[in-house]
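Undergrad: Sending over a structure as structure tokens; questions will come in a sec.
Residue numbers (my numbering): 3 to 265.
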């Protein structure tokens, strides 16, 4: 087992809270590593926060591999998670294997896929062949057009029971991690207590083993921030002010500075 994976296994066993953030390029992966985060996720959320799309469905495997390679080169001791994009893993076990291998070759340590019990065979097939899989439950953004909106999951007793059953089945199938998105706190807490593998939460309360947020939400750069997220700086204002100051300096002749004839 790699040292990066051991950090997560030990964190689960010792009750140590872990943190990760999305990253889409080398520069921010390097900063996440410098800040001491435990992991970075190359999320298909890049479709929304980097490419300006309305959902995550437009990202393909080539794009995910491209961004994963950049992130992996800067991630240092951070465990690198990477999303399998829509259409790259649902068709067959062979398709899922090929897509997962492509992300691993790009530098991922863990591949993430969305879905419940229907993905158990895929998880088992990849896990038995040495791939670390993170199973994503709850709000599954790749299925947003089916629901018509980004909806919370597990709000009814039946939904909660299905989530708990799916989580147990996927862990038994060999998932190395579970991710719960937009799940009620009490449901996430039960799943975390009963899970033999680390559980990552986003909008699922404080009781999961780890938390993940979208980088642009953390930095205050997002145009639209979900209610469960938190900005830890007013990045949009800071960047806008810096760019405005630069433009003003150019317009006023203050930048670049004048140089001597011998320079």
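Glycine included, C-beta positions come from ideal geometry on N, C-alpha and C.
These numbers were taken from a predicted model, which means no experiment stands behind them.
#1: Taking one C-beta from the region 219-229 and one from the region 162-181 each time, how about it: are there three or more such pairs within less than 8 Å?
#2: Quick check on the burial criterion: 16 or more other C-beta atoms within 10 angstroms. Buried or exposed for residue 116?
#3: The beta strand (DSSP E) with residue 44 in it runs from where to where?
#4: Rounded to whole angstroms, what is the Cα-Cα separation between residue 38 and residue 23?
#5: Does the pairing of the region 237-251 with the region 68-75 give three or more beta-carbon distances under 8 Å?
#6: One question on the structure: do residue 84 and residue 114 come within less than 8 Å of each other, judged by their Cβ atoms?
#7: Measuring CA to CA, which of 261, 4, 221 and 206 is closest to residue 111?
#8: Contact check, residue 165 vs residue 189 under 8 Å by CB: the rounded distance?
#9: Using CA coordinates, which residue listed in 12, 67, 62 and 122 is at the minimum distance from residue 106?
#10: Taking the straight line between their C-alpha atoms, what separation do you get for residue 151 and residue 260?
TA: According to the structure data:
#1: no
#2: Translated into the one-based positions of the chain shown, residue 116 becomes position 114. Buried: at least 16 other Cβ atoms inside 10 Å.
#3: Sequence index remark: in the chain shown, residue 44 carries index 42 (1-based). Counting along the chain, the beta strand (DSSP E) containing residue 44 begins and ends at 41-44.
#4: Within the chain shown, residue 38 is the residue found at index 36, counting from 1. Within the chain shown, residue 23 is the residue found at index 21, counting from 1. Roughly 11 Å between the two C-alpha positions.
#5: no
#6: Mapped onto the chain shown, residue 84 falls at position 82. Mapped onto the chain shown, residue 114 falls at position 112. It is a contact, given that the beta carbons lie within the stated cut-off.
#7: The count along the chain shown starts at 1 and reaches residue 111 at position 109. The residue with the shortest Cα to Cα distance from residue 111 is 4.
#8: Locating residue 165 in the chain shown gives position 163, where the first residue counts as 1. Locating residue 189 in the chain shown gives position 187, where the first residue counts as 1. Confirmed, about 6 Å.
#9: Here residue 106 refers to the residue found at position 104 when the chain shown is read from its first residue. For the residues 12, 67, 62 and 122, the minimum Cα distance to residue 106 belongs to 67.
#10: One-based indexing of the chain shown puts residue 151 at position 149. One-based indexing of the chain shown puts residue 260 at position 258. Below a pLDDT of 50, predicted positions are generally treated as unreliable, and residue 151, at 47, falls in that range; the measurement from the model is reported next regardless. Those two C-alpha atoms are separated by around 55 Å.
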